[in-house]
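K.L.:
Taken in sequence, the protein lines are chains A and B.
Letter 168 of the first sequence, counting from 1, is numbered 180 in the numbering used here, and no numbers are missing.
Letter 208 of the second sequence, counting from 1, is numbered 220 in the numbering used here, and no numbers are missing.
There are 2 protein chains.
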Amino acid sequence: MQTPPRISEPTGAAHERVYRTLRARIMHGEMTPGEALTLRGIGKEFGVSMTPAREAVRRLVAEGALTLSSSGRVATPLLSNDRIEELASLRALLEPELASRALPRAHFALIERLETINSKVGQMVARHDATGYIRMNLEFHRTLYLRAQAPAILATTETVWLQLGPTMRALYGRLNRSDPPYHHKLILQALKAGDEPGLRLAVRTDATQGLRMLKN
Amino acid sequence: MQTPPRISEPTGAAHERVYRTLRARIMHGEMTPGEALTLRGIGKEFGVSMTPAREAVRRLVAEGALTLSSSGRVATPLLSNDRIEELASLRALLEPELASRALPRAHFALIERLETINSKVGQMVARHDATGYIRMNLEFHRTLYLRAQAPAILATTETVWLQLGPTMRALYGRLNRSDPPYHHKLILQALKAGDEPGLRLAVRTDATQGLRMLKN
DNA sequence: ATGTGTAATTTGTGATCACAAAAAAGGTAA
DNA sequence: TTACCTTTTTTGTGATCACAAATTACACAT
Chain A
13 MQTPPRISEP
23 TGAAHERVYR
33 TLRARIMHGE
43 MTPGEALTLR
53 GIGKEFGVSM
63 TPAREAVRRL
73 VAEGALTLSS
83 SGRVATPLLS
93 NDRIEELASL
103 RALLEPELAS
113 RALPRAHFAL
123 IERLETINSK
133 VGQMVARHDA
143 TGYIRMNLEF
153 HRTLYLRAQA
163 PAILATTETV
173 WLQLGPTMRA
183 LYGRLNRSDP
193 PYHHKLILQA
203 LKAGDEPGLR
213 LAVRTDATQG
223 LRMLKN
Chain B
13 MQTPPRISEP
23 TGAAHERVYR
33 TLRARIMHGE
43 MTPGEALTLR
53 GIGKEFGVSM
63 TPAREAVRRL
73 VAEGALTLSS
83 SGRVATPLLS
93 NDRIEELASL
103 RALLEPELAS
113 RALPRAHFAL
123 IERLETINSK
133 VGQMVARHDA
143 TGYIRMNLEF
153 HRTLYLRAQA
163 PAILATTETV
173 WLQLGPTMRA
183 LYGRLNRSDP
193 PYHHKLILQA
203 LKAGDEPGLR
213 LAVRTDATQG
223 LRMLKN
C-alpha cells in the first residue's frame, strides 16, 4: 500500500494532483470566501493520506490562495476592502504591461481565438454561470498574456487572480449582469488597430472594473 | 520524542522556523545559484525530521525561491538572462508604486532612519561584504515601502527579491564596487523635496541598475 | 431559554518507516 | 584514458502513528 511509481499518474506526484485541483477550484470561484478545509478531508476526497494534502495546502498558503489561522487551520481568505483594492491595483499594474508586450505578437489567429473565448464568456453570462464566467474570463486574459513571453510576470498575475478567486464569485454572484463583456470588445478593437495606449487602458479598466464595485 | 507544544518555540511551528531561516538565507544571497538542498540535510541542520523540512521547502518552491527538478530534487534557481530581465521589470513596476504611496507619509523620522540604514549600506560596500550589502540594501527599500501601507504589493515585491537573491550575490560579487549607494541618495533627496516623479524615477533606476549589467 | 463547565471529537504537527527512482561509486574491458 | 555496466548509496514520496491543542457536543444548573 506504499508509494506508487514516482512518475506513474497523468500529472505525476499525488500532491501535485491535489494542488492543481484545489488551485483551479479556488481560482475559478468554486469556493466561497472563508470556506474551511481540513487535511484529512482533502486526503479522503482525493484518496490519499494527509501527507500529500499537507504539501498541497502549504503551497496554496504560500501563494495566498488559502490562509492559515493561528491554530494552523486553513480556509479560503476573507479579503478586506483594502486588500481587494490592493489586489486590483496589482492587476492594474501588471496586466497592461503583459498586454502591451503581447501586442506586437498578436496576429490574426490569436485574435480569432480570443473572440471564440469571448463568445463563451457571453454564454456563461447568459446562463448566469458565475464560475464558468470567471473561468472563461481568465482564459481570455491568459490566452492574450501568454503571447507576452513573460512567464514570471504572468505567474505573478495568476497569483493575484488566485487570491481573488473566492471573492470574485461573491462579487459576480451579487450583480446579475446580463450584459456581455463590453471591455473585452474594447481590448479586441485595440488589438486589431495596434493601438498600444488604447489597449493598456482597456485592459486596465477591464481588470479593475469589477473589483471597484465591491464595498462590503 | 513526539510533538513539542504547539506554540512553544519563539517562532511557533518547527516548519516555520526552518522556512524563515532558509528564506532569509536565500534572499540575502547566502546561497549561490544552483546550490542543491536535501530534505534530510535540512532536517539534520535544524534538528528536525524530514516532515517540517519538506513543508518549508514546498513553501519556498511555491514562492520561486527554490526550483524543483523533474525528479523532485530542490536547488536554488539558475536564472536565465530573460528571467532576470523580467524580474527587473517587475521591480521597475512595483517599487515606484510603493515609493509613491509611501511619499505622503514619509516624515522626518523615517528619512532619518533611512539615512542611518544607508550609511550601513556604505559600510558593507567598503568592507566588500556582498551578503551584508544585499541585506542592508533590501532593508532600506523595505523600510520605505512599509510606509506605503500596501502589504499585498510589498509581499509580491519581496517574492521578487527572493527569486533574485542568489543571483544578486553572483552579481555584486562580480563587480567590486567601492562607490557608495548613489541612487539611494537620489531617493532621499526626492523624499525630502516631496518630488513624486523624481522619486519614482530614482527608485526605478535603483531597482534595475544592478540587474542590467548582468549579461552572462 | 441561557450561560457554564466538562467530556468527546476533530485537527494540525512532527517522527518514522518502506519503497522506488535517481545519482554516485566502483570496477572492468577496450 | 575512456566508455560501459553493476552495485551501493542517496533521496523524495506517501502512509501511519502518537500527541497536544483547539473545537465541538452535551449535560446541568440557574
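Ideal Cβ positions, reconstructed from N, Cα and C, are used throughout, including at glycine.
This one's a predicted model, so the numbers in the text were calculated from it and none came from an experiment.
(1) Could you list which residues in chain A have their beta carbon closer than 9 Å to that of R95/B, in chain order?
(2) To the nearest angstrom, how far is the alpha carbon of A205/B from that of A164/A?
(3) Measuring only between beta-carbons, confirm whether E98/A sits less than 7 Å from chain B.
(4) Could you tell me whether the Cβ of T65/A comes closer than 7 Å to any Cβ of chain B?
(5) Going by beta carbon distance, what residues of the same chain come within less than 6 Å of L102/A, once the five residues before and after it are set aside?
(6) Which first and last residues belong to the alpha helix (DSSP H) in which L203/B is found?
(7) How far does the alpha helix (DSSP H) with G59/B in it reach, from first residue to last?
(8) Three Cβ pairs or more, each shorter than 8 Å: is that satisfied between the segment 40-55 of chain A and the segment 173-184 of chain A?
(9) Since L49/A contacts R66/A with CB under 8 Å, what's their CB separation in whole angstroms?
(10) For T128/B, does the count of other Cβ atoms within 10 angstroms reach 16, so buried, or fall short, so exposed?
(11) Give the single residue among E170/B, H196/B, L198/B whose Cα lies nearest to the Cα of L106/B.
(12) Look at L108/A and R212/A and say whether their C-beta atoms are less than 7 Å apart.
(13) Please confirm if T15/B has its CB atom under 7 Å from at least one CB of chain A.
(14) What is the residue span of the alpha helix (DSSP H) that A138/B lies within?
(15) Can the beta-carbon of A36/A be found closer than 7 Å to that of A74/B?
(16) Starting from L102/A, find everything on chain B with Cβ-Cβ shorter than 7 Å and list it in chain order.
(17) CB-CB under 7 Å to F152/B, same chain, minus the five flanking residues each way: which ones, in chain order?
(18) Using 8 Å for Cβ pairs, my map puts R70/A next to R70/B. What's the rounded Cβ distance?
(19) Is N149/B buried or exposed, if buried means 16 or more other CB atoms sit within 10 Å of its CB?
(20) With 7 Å set as the bound, which would you pick, yes or no: does the beta-carbon of L105/B sit closer than that to a beta-carbon of chain A?
(21) For L80/B, name the three-state secondary structure that DSSP assigns.
P.N.:
So, from the data block:
(1) Start at 1 with the first residue of the second sequence, and residue 95/B comes out as number 83. Result: P163, A164.
(2) As a first step, residue 205/B is located in the second sequence; it is residue number 193 there, counting from the start. As a first step, residue 164/A is located in the first sequence; it is residue number 152 there, counting from the start. The alpha-carbon atoms of A205/B and A164/A are separated by roughly 35 Å.
(3) Looking up residue 98/A in the first sequence gives position 86. It does: the Cβ of E98/A has a partner Cβ on chain B nearer than 7 Å.
(4) Locating residue 65/A in the first sequence gives position 53, counting from the first residue. Checking the displayed sequence, the identity of residue 65/A turns out to be Ala instead of Thr. Judged by the 7 Å Cβ criterion, A65/A is not in contact with chain B.
(5) Counting from 1 along the first sequence, the entry for residue 102/A is found at position 90. So the list reads V172, once near-sequence residues are dropped.
(6) Translated into positions along the second sequence, residue 203/B becomes position 191. Where L203/B is concerned, the enclosing alpha helix (DSSP H) stretches over 194-205.
(7) Taking the first residue of the second sequence as 1, we reach residue 59/B at position 47. Note, G59/B: premise wrong, no alpha helix (DSSP H); not H, not E.
(8) yes
(9) Start at 1 with the first residue of the first sequence, and residue 49/A comes out as number 37. Start at 1 with the first residue of the first sequence, and residue 66/A comes out as number 54. That pair is no contact at about 11 Å.
(10) On the second sequence, residue 128/B is found 116 positions in, with the first residue counted as 1. Exposed, since its Cβ has fewer than 16 Cβ neighbours within 10 Å.
(11) Walking along the second sequence from the start, residue 106/B turns up at place 94. When only C-alpha atoms are compared, the closest one is E170/B.
(12) Within the first sequence, numbered from 1, the residue matching residue 108/A stands at position 96. Within the first sequence, numbered from 1, the residue matching residue 212/A stands at position 200. The sequence shown places Pro at residue 108/A, not Leu. Against a cut-off of 7 Å, the Cβ pair of R212/A and P108/A comes out as a contact.
(13) As a first step, residue 15/B is located in the second sequence; it is residue number 3 there, counting from the start. At T15/B the pLDDT is 42, less than 50, meaning the model places this residue with poor confidence; the figure from the coordinates comes in the next sentence. Not closer than 7 Å to any Cβ of chain A, the Cβ of T15/B fails to qualify, so no.
(14) Here residue 138/B refers to the residue found at position 126 when the second sequence is read from its first residue. 120-138 is the extent of the alpha helix (DSSP H) around A138/B.
(15) Within the first sequence, numbered from 1, the residue matching residue 36/A stands at position 24. Within the second sequence, numbered from 1, the residue matching residue 74/B stands at position 62. Contact flag unset, no.
(16) Taking the first residue of the first sequence as 1, we reach residue 102/A at position 90. Result: A164, I165, T168.
(17) Taking the second sequence and counting its residues from 1, one reaches residue 152/B at position 140. For F152/B, where only same-chain residues beyond five positions count, the Cβ hits under 7 Å are L126, I129, N130, V133, H196.
(18) Position 58 of the first sequence, counting from 1, holds the residue named residue 70/A. Position 58 of the second sequence, counting from 1, holds the residue named residue 70/B. Going by Cβ atoms, the distance from R70/A to R70/B rounds to 5 Å, so yes, they are a contact pair.
(19) Here residue 149/B corresponds to residue number 137 of the second sequence, with the count starting at 1. Buried, because 16 or more other Cβ atoms sit within 10 Å of the Cβ of N149/B.
(20) Along the second sequence, one-based indexing puts residue 105/B at 93. Closer than 7 Å to some Cβ of chain A, the Cβ of L105/B qualifies, so yes.
(21) For the purposes of this step, residue 80/B is identified with residue 68 of the second sequence, where counting begins at 1. In the structure shown, L80/B sits in a strand (DSSP, three-state: E or B).
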